[in-house]
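Working notes, beginning with the structure itself.
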Amino acid sequence: MSKLLEVSNLHVSVGEKEILKGVDLTINAGEVHVLMGPNGTGKSTLGFALIGNPKYEVTEGKIVFKGEDLSDVEVNNRAKKGMFLSFQNPLEVPGVTLSSFIRSALEQKTGERVKLWEFKKKLDATLDILQMDHSYAERDLNVGFSGGEKKKAEILQLLMLEPEFAILDETDSGLDVDAVRTVSAGIEEYQKRVGGGLLIITHSTKILESIHVDQTHVMIGGTIVKTGDSSLVDIVNEKGFESYGE
Amino acid sequence: MEDKTYVEDIDRSLYDFRNADEDAYRLKDGLTEEIVLQISKEKNDPDWMRDLRLKCLEIYQKTDMPVWGPSIEGLDMDHIATYVRKNTKMADNWDAVPAEVKDTFEKLGIPEAERKSLAGVGAQYDSELVYHNIREDVAKLGVIYTDIESALYGEYADMIKEHFMTLVPPTDHKFAALHGAVWSGGSFVYVPKGVKVDIPLQSYFRLNAKGAGQFEHTLIIVDEGADLHFIEGCSAPKYNVANLHAGCVELFVHKNARLRYSTIENWSKNMYNLNTKRALVEEGAKMEWVSGSFGSHISYLYPTTILKGDDSTMEFTGISFANTDQNLDTGAKVIQLGKRTSSYMNTRSISKGGGVSTFRSSIEIRKSAEYSKSSVSCASLMLDSISRSDTIPAMDIRTKTADVGHEAQIGKISDDAVFYLMSRGMSEEDARALIVSGFAEDVSKELPLEYAIEMNNLIRLEMKGSIG
Numbered sequence: 001m002s003k004l005l006e007v008s009n010l011h012v013s014v015g016e017k018e019i020l021k022g023v024d025l026t027i028n029a030g031e032v033h034v035l036m037g038p039n040g041t042g043k044s045t046l047g048f049a050l051i052g053n054p055k056y057e058v059t060e061g062k063i064v065f066k067g068e069d070l071s072d073v074e075v076n077n078r079a080k081k082g083m084f085l086s087f088q089n090p091l092e093v094p095g096v097t098l099s100s101f102i103r104s105a106l107e108q109k110t111g112e113r114v115k116l117w118e119f120k121k122k123l124d125a126t127l128d129i130l131q132m133d134h135s136y137a138e139r140d141l142n143v144g145f146s147g148g149e150k151k152k153a154e155i156l157q158l159l160m161l162e163p164e165f166a167i168l169d170e171t172d173s174g175l176d177v178d179a180v181r182t183v184s185a186g187i188e189e190y191q192k193r194v195g196g197g198l199l200i201i202t203h204s205t206k207i208l209e210s211i212h213v214d215q216t217h218v219m220i221g222g223t224i225v226k227t228g229d230s231s232l233v234d235i236v237n238e239k240g241f242e243s244y245g246e
Numbered sequence: 001m002e003d004k005t006y007v008e009d010i011d012r013s014l015y016d017f018r019n020a021d022e023d024a025y026r027l028k029d030g031l032t033e034e035i036v037l038q039i040s041k042e043k044n045d046p047d048w049m050r051d052l053r054l055k056c057l058e059i060y061q062k063t064d065m066p067v068w069g070p071s072i073e074g075l076d077m078d079h080i081a082t083y084v085r086k087n088t089k090m091a092d093n094w095d096a097v098p099a100e101v102k103d104t105f106e107k108l109g110i111p112e113a114e115r116k117s118l119a120g121v122g123a124q125y126d127s128e129l130v131y132h133n134i135r136e137d138v139a140k141l142g143v144i145y146t147d148i149e150s151a152l153y154g155e156y157a158d159m160i161k162e163h164f165m166t167l168v169p170p171t172d173h174k175f176a177a178l179h180g181a182v183w184s185g186g187s188f189v190y191v192p193k194g195v196k197v198d199i200p201l202q203s204y205f206r207l208n209a210k211g212a213g214q215f216e217h218t219l220i221i222v223d224e225g226a227d228l229h230f231i232e233g234c235s236a237p238k239y240n241v242a243n244l245h246a247g248c249v250e251l252f253v254h255k256n257a258r259l260r261y262s263t264i265e266n267w268s269k270n271m272y273n274l275n276t277k278r279a280l281v282e283e284g285a286k287m288e289w290v291s292g293s294f295g296s297h298i299s300y301l302y303p304t305t306i307l308k309g310d311d312s313t314m315e316f317t318g319i320s321f322a323n324t325d326q327n328l329d330t331g332a333k334v335i336q337l338g339k340r341t342s343s344y345m346n347t348r349s350i351s352k353g354g355g356v357s358t359f360r361s362s363i364e365i366r367k368s369a370e371y372s373k374s375s376v377s378c379a380s381l382m383l384d385s386i387s388r389s390d391t392i393p394a395m396d397i398r399t400k401t402a403d404v405g406h407e408a409q410i411g412k413i414s415d416d417a418v419f420y421l422m423s424r425g426m427s428e429e430d431a432r433a434l435i436v437s438g439f440a441e442d443v444s445k446e447l448p449l450e451y452a453i454e455m456n457n458l459i460r461l462e463m464k465g466s467i468g
């Protein structure tokens, strides 16, 4: 299987503080990986470092995506190469509608004008999958959205932009049971449409019920301390993180 | 993404072309009784107008310069020509306009806009109108759209005399007095009772001459139950000496009428824009201002609305964009006299490259204005660390039954928002431009369509090279 993402000995600091202390992670094309761990252990930091947030400085180690070292690749170009981060706290951008934003992002990615009619058709169909009213597309990006609506809007972008690799940073947290099921259906749709690789950062098993998981990782104190198959999710859920040194 | 400390200027070549004014008639610089009398004679004023000019000159000479706003020290009236006329007569057909003047307006897209979407167009070049035309079907409704000079004689002469400089008296401030002394050009519009003009009228003011002033007067009377949208646009090429614009706009909105007055001002950056605009609104009538200020070196601009009649309303929607060497002091004033009157101001200001933008609002709700409302919402965005934005609200409320609200926001572009947009594949430049146009969206959607597009292009252009 071809390697999609290879992270080796990754050290990341924010300001003076080192958060990631040597992370190794390999994700092959089409694989689903789950990342679990207590709060404040560096999971979101890994997400930001992978997508290239300039506030998260890589001090050692490297990230190789589709065979290319990303050290000197800026965030927007990582996105163009096929990487996507579903934000835990998506930002509000007044005056820019969700629909026009997705459209300009698509145009940036492909370098071509997006045909309005086809775009609208696909957008509406995708909104239906996520059980979002079509009017959401014409609302300002995340402005006045509830927590759940923001998360759905992230999955909407994932489905419209069709990246080869997506990091879902606690996309299920703070959602009610129905919303988790909807987001989960969105992820299945992504696998169907794109079959891309996924790194799912989560605290719960609900979102994983209908998704095939290839590998599970437990992160504690800025390193991955345990890797296993999907059964590891249940073990962690039952026993917590104590046995891994927490 | 580091904090931006300096942002390049944009390409203004669209506006900056200038014509040589060899064949123009130009009065000598400065301001004396002799010059004022000469203007009056040139313009064939009726006696009352000549006397008004002289009275205004006297007031001008006695009045001090304003000291509360941005500095206008660079403006030396001894070096401003108050009257410059192209050697041509006003035409109602573009083919009769001299080629280079016509060419100027072609470049600015005026004749094309007229064909497409306007009910009438006036075009002023330096001190005089060179073109004025109104669509026949609109004229048939009894709508008058002409230059003030023509209106001073004939059927509407008394109407002009009754209204001219009554809303903005020459004693108002020094530049109102100056305007009264040397005014030239502008437009007169009268919309008869009950007539609704569906498509806008537009006047465009172009100041081509170097070191000159433009002092056009706009007088609009919208009679009972009538409806009008009037658009004014202004631009000038850049010179290395000061130019002055001291126009005056007087608007009379009668019972149950509606007037929308849109201005897009894109003067060059050597312009002192000291303009005065005022509206008197009668019972049940509505005044809507839309104001875009992008150009000039210094601007003092605060359209004022007097809500005289009961249940009259006003809305002011404004945007300003101050760049390097620009100090745009803008805002709006309202004086509420009638019962149940309401006013709403919604503004956005953007500053970059060391530009200064100040928003002043003044709300006066008098004792008679029982159960009136007023609400102000203003937001400023600074695009770098050397620019400046201020908000100066003033309120004077004299009735206990008034309902007044004020909301102000001053901020910078959030790095997190830029990063969020970039994480979807946008360049930093595009992400910033998107945030800025989003910030302006609420206001830009009120602009006439072609100006809204122009503004978005302007923002895009302004954001180019903004990444350091």
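Line by line, the protein sequences are chains U and G.
Counting from 1, position 84 in the first sequence corresponds to residue 84 in this note's numbering; the numbering is continuous, with no gaps.
Counting from 1, position 163 in the second sequence corresponds to residue 163 in this note's numbering; the numbering is continuous, with no gaps.
All C-beta atoms, glycine included, are put in the ideal place defined by N, C-alpha and C.
Just so you know, these numbers come straight off a predicted model, no measurement behind them.
Take the Cβ of residue i as the centre, count every other Cβ of all protein chains shown within 10 Å, and call the residue buried at 16 or more, exposed below.
i: D69/U; result: exposed
i: G15/U; result: exposed
i: S243/U; result: exposed
i: E155/G; result: exposed
i: G122/G; result: buried
i: R103/U; result: buried
i: M422/G; result: buried
i: D169/U; result: buried
i: K86/G; result: buried
i: D128/U; result: exposed
i: Q124/G; result: buried
i: V7/G; result: Residue placement at V7/G is flagged as unreliable, the pLDDT there being 39, under the threshold of 50; a coordinate-derived value is accordingly withheld.
i: K121/U; result: exposed
i: L328/G; result: buried
On the three-state DSSP scale, how would you describe residue i?
i: I201/U; result: strand
i: D403/G; result: strand
i: T341/G; result: coil
i: I187/U; result: helix
i: Q108/U; result: helix
i: K352/G; result: coil
i: D234/U; result: helix
i: A473/G; result: The question about residue 473/G has no answer here: the residues shown for chain G are numbered 1 through 468.
i: G47/U; result: helix
i: E2/G; result: Only weak support exists for where E2/G lies, its pLDDT of 37 falling under 50; the coordinates are left without a value.
i: M455/G; result: helix
i: E246/G; result: The sequence given here places Ala at residue 246/G; Glu does not occur at that position. Three-state DSSP puts A246/G in coil, outside helix and strand.
Rounded to whole angstroms, what is the Cα-Cα separation between residue i and residue j?
i: Y145/G; j: S368/G; result: 35 Å
i: K102/G; j: D198/G; result: 27 Å
i: S117/G; j: S210/U; result: 57 Å
i: L381/G; j: N89/U; result: 23 Å
i: K3/U; j: D229/U; result: 18 Å
i: V241/G; j: L75/G; result: 9 Å
i: D140/U; j: A105/U; result: 15 Å
i: N266/G; j: Q191/U; result: 52 Å
i: I467/G; j: N457/G; result: With a pLDDT of 43 at I467/G, under the threshold of 50, the modelled position of this residue cannot be trusted, and the question is left open.
i: N28/U; j: N346/G; result: 53 Å
i: K277/G; j: V168/G; result: 8 Å
i: D3/G; j: T227/U; result: Confidence at D3/G is low in this model, with a pLDDT of 38, below 50, so the placement of that residue should be treated as unreliable; the coordinate-derived value is given next. So the two alpha carbons sit approximately 41 Å from each other.
i: E6/U; j: E118/U; result: 35 Å
i: H179/G; j: M160/U; result: 58 Å
i: A177/G; j: A417/G; result: 49 Å
i: R78/U; j: P111/G; result: 47 Å
i: P448/G; j: S262/G; result: 8 Å
Tell me whether residue i counts as near the ligand FMN, meaning its Cβ is closer than 8 Å to at least one heavy atom of that ligand.
i: T341/G; result: Absence of the ligand FMN from the depicted structure is noted, as is the absence of any ligand whatsoever, leaving it without description.
Every unbroken alpha helix (DSSP H) inside the stretch 138-222 of chain G [4 residues or more]: Those alpha helix (DSSP H) runs which fall completely within the stretch 138-222 of chain G and span 4+ residues are 148-151, 157-163, 174-182.
Quick one: which residues of the stretch 131-162 of chain U get their C-beta closer than 7 Å to a C-beta of chain G? List them in chain order. Q157, L161: these are the residues of the stretch 131-162 of chain U whose beta carbon lies less than 7 Å from some beta carbon of chain G, given in chain order.
Pull out every residue of the stretch 42-74 of chain U whose Cβ sits closer than 7 Å to any Cβ of chain G, in chain order. Result list: I51, N53, P54.
Can you give me, in chain order, the residues of the stretch 182-205 of chain U that have a beta carbon less than 8 Å from any beta carbon in chain G? Hits within the stretch: zero.
Going along the chain, which residues of the stretch 436-466 of chain G sit with their C-beta nearer than 8 Å to a C-beta in chain U? Of all residues in the stretch 436-466 of chain G, only S437, G438, F439, A440, E441, D442 place a beta-carbon less than 8 Å from a beta-carbon of chain U.
Between the stretch 17-39 of chain U and chain G, which residues of the former have CB atoms less than 9 Å from a CB of the latter, in chain order? If the cut-off is 9 Å between Cβ atoms, the stretch 17-39 of chain U has nothing near chain G.
Given a limit of 8 Å on CB to CB distance, which residues of the stretch 213-244 of chain U reach chain G? Those would be none; no residue qualifies.
Contacting positions in the stretch 104-135 of chain U - beta carbon closer than 8 Å to chain G: Of all residues in the stretch 104-135 of chain U, S104, A105, Q108, K109 have a Cβ within less than 8 Å of some Cβ in chain G.
Could you tell me which whole beta strand (DSSP E) segments of length 3 or greater appear in the stretch 120-187 of chain U? Complete beta strand (DSSP E) runs here, min 3: 165-169.
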